[in-house]
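Mapping to numbering that gives the first Met the number 0: the sequence shown position 304 is 303, numbers consecutive.
Each residue gets a CB set at the ideal place from its N, CA and C atoms; glycine is no exception.
These numbers come from a predicted model, not from an experiment.
Worksheet: the structure to be examined is printed underneath.
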Amino acid sequence: MSTPTLHKAYDSTLFKKQGEDLIEKLSNHLAQTTSGQSSTMNTWVPPQEEYLFWKTYASQEHSTATFFEDVLKRSIHTHHPKYIGHQIAPTVPVSGLSTMLSALLNNGMAVYEMGQASSAIERVVIEKFTETIGWQQGDGFLTSGGTLANLTALLAARKAKVRTDIWNEGHSSKLAIMVSEEAHYCIDRSARIMGLGEEGIIKVPVNTDYKIRLDLLQDYYDQATSKGLEVFAIIGSAPSTSTGVYDDLEGISAFAKANNLWFHIDGAHGGAAIFSSTYAHLLNGIKDADSVIIDGHKMMGTSSITTAVLFKNAVDSYATFSQKAQYLWEQNDDPDWFNIAKRTFECTKSMMSLRFFSIWNAYGDQFFDDFVTTLYRSASVFAKKIDEDPDFELAFEPESNIVCFRYTRNSTKNPIEQVNKTIRKILLEDGEFYIVSTLLKGEFWLRTTFMNPFTTVKHMERLLNKIKETVPVNVY
Ligand SMILES: *Cc1c(COP(=O)(O)O)cnc(C)c1O
């Protein structure tokens, strides 16, 4: 039996009113941010203070419109051209709208009946990826983020390459994977979740360009096998997160082939460059990978979190989880592509295929080419500016849209590391720009990722000048 509260909660007229108001707000927000008109991109508040704000808020009455407005005001604005921080896309509005559509439909996706359109669209989207890579027998699915995607691919690798049936019998041998020391932390985490332990994660050093050292691969492999480890996979970063530098995928592929290893590419950030007419060459060798993952919410403009897990051979896409769930599907052994939960970690999954398809449907492949190409180019423009400025130092020549640099004018009071840490802190609290930091070979560097197609040379110059203006006052 319904109640007045339940009636109100599902009232379509109220929904229309609130929805129109929200769209109005978001549309103004888009206009203000993408044009760079809004003066701040972030209003920094320390965690405890923000918590107390919302704790108090929860005890008061607020209209839905006010609540939405307050969230908007107190969140970081990824659509602002001065957002040059972590790798998350300013959502393409049509992708955001498709997320709103799916959020209300709430199809569960685990089985076909619970996501008719979105399951079929998912197959079309996956084919777009596999065809662009150039695979004839490829397949895959979408999952919730790069972290989960890497774990799923590595489980498939273990299933395909390891002699014992670990799924049923548990571990009897010591397994290992090989990866560059610059790989994203989630690879390390995946390996530990899989029970490989510290010893099972063979971290290969990088060269001065931050690419995995190919000359060391065979040595590291031989040492591991002589210790009794069974190495089953090697992972290439495309690119690595801190640096945005791509490993030599052709080189890794040759090594994998020679030693019968699974070759996985973590393309969470830059796998999307397969769509770039200018930068696709960075992924030379991708065709020989056994599996690849690509995030939509980084370099493809979708709302988060949306990741493609792709396999060169369709069978590998189905082998990972051989598990019975009689209440979901009748025939356990059929590789029916349309019951997607047979292959994903998720049971209930959001209708994430819409986030890609809505963009393809509206703007075609051209959007993805323009997006990646524009952002990678921005980084090279910024790198040139830094290189030409005696007050700054560039960590390396960027290959993608990630640039690491530091302010190097000698401080009388503080070492360079401290000066740069202070710069990062001042910028965060100031809120005009958002940039982040990283450690490279143990040293502190400022780190920028060009995620916004509306960031211009003027914004770049303003950032560098702002740093120069800020530093003397605060740390000298
Ligand atoms: C961001 C990133 C990940 C993690 O992906 P999420 O979607 O944030 O879970 C993994 N690997 C690389 C190289 C990344 O850049």
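Here the alpha carbons of Ser436 and Glu48 stand approximately 24 Å from one another.
Secondary structure at Glu396: coil, using DSSP grouped into helix, strand and coil.
The beta carbon of Val203 is closer than 8 Å to those of Met177, Val178, Ser179, Glu180, Ile211, Arg212, Leu215, Leu216, Tyr219 in its chain, skipping five residues each way along the sequence. Here the C-alpha atom of Ile401 lies approximately 53 Å from the C-alpha atom of Thr2.
Between ligand 1 and His263, a heavy atom-to-CB distance of less than 7 Å is absent. Pairing Ile264 with Ile233 gives a Cβ-Cβ distance that is not under 8 Å. A straight line joining the alpha-carbon of Thr343 with that of Gln86 spans about 24 Å. The three-state reading of DSSP puts Tyr278 in coil, since its state is none of H, G, I, E or B. The beta carbon of Arg73 is closer than 8 Å to those of Thr42, Val44, Glu49, Phe52 in its chain, skipping five residues each way along the sequence. CA-CA distance, Gly145 to Gln17, rounds to 33 Å.
In this structure, Leu309 and Ile186 do not form a Cβ contact; the two beta carbons are roughly 17 Å apart against a cut-off of 8 Å. In terms of Cβ geometry, Phe381 and Phe449 form a close pair [threshold 8 Å]. Here Tyr184 is exposed. Its C-beta has fewer than 16 other C-beta atoms within 10 Å.
Distances taken from the Cβ of Gln86 to the heavy atoms of ligand 1 include one shorter than 7 Å. Cβ atoms of Val161 and Leu150 stay farther apart than 8 Å, at about 16 Å.
Between the segment 369-380 and the segment 449-459 there are three or more inter-stretch CB-CB distances shorter than 8 Å, so the stretches are counted as touching. Ala279 has its Cβ no nearer than 7 Å to any heavy atom of ligand 1. Rounded to whole angstroms, Thr447 and Leu393 show a C-alpha spacing of 12 Å. One Cα belongs to Thr32, the other to Asn413, and the distance between them is close to 36 Å. Here Ala237 carries a coil assignment [DSSP, helix/strand/coil]. Close CB contacts of Ala288 within its chain, under the 6 Å cut and outside five residues either way in sequence, are with Phe262, Ile264 (chain order). Beta-bridge partners assigned by DSSP to Thr90: none are found.
In this structure, Gly84 sits near Ile434, with a CB-CB distance shorter than 8 Å. The segment 61-142 is shown to contain whole alpha helix (DSSP H) runs of 4 or more residues at 63-72, 92-104, 115-132, in chain order.
When Cβ pairs closer than 8 Å are counted between the two stretches, the segment 419-430 is seen not to touch the segment 353-373, the count staying below three.
At least one heavy atom of ligand 1 sits closer than 7 Å to the Cβ of Lys297. Within the model, the alpha-carbon separation for Gly196 versus Ala148 is close to 20 Å. In the displayed model, Glu181 falls within coil according to three-state DSSP, outside both helix and strand.
In terms of side-chain proximity, the C-beta atom of Ile304 is found nearer than 7 Å to a non-hydrogen atom of ligand 1. Within the same chain, and ignoring the five residues on either side of Phe404 in sequence, the residues whose Cβ sits closer than 7 Å to its Cβ are Ile385, Phe391, Glu392, Leu393, Ala394, Trp444, Leu445. Taking the Cβ atoms as the reference, Phe254 lies roughly 31 Å from Asp368, outside the contact range of under 8 Å.
Between Leu281 and Gly269, the C-beta spacing is below 8 Å. Distances from the alpha-carbon of Thr224 to those of Asn206, Gly199, Thr207, Tyr245 put Gly199 closest. Arg122 is not a Cβ neighbour of Trp359, given a cutoff of 8 Å.
For Glu442, the enclosing beta strand (DSSP E) stretches over residues 442-448.
DSSP places Asp386 inside the alpha helix (DSSP H), whose first and last residues are 352-387.
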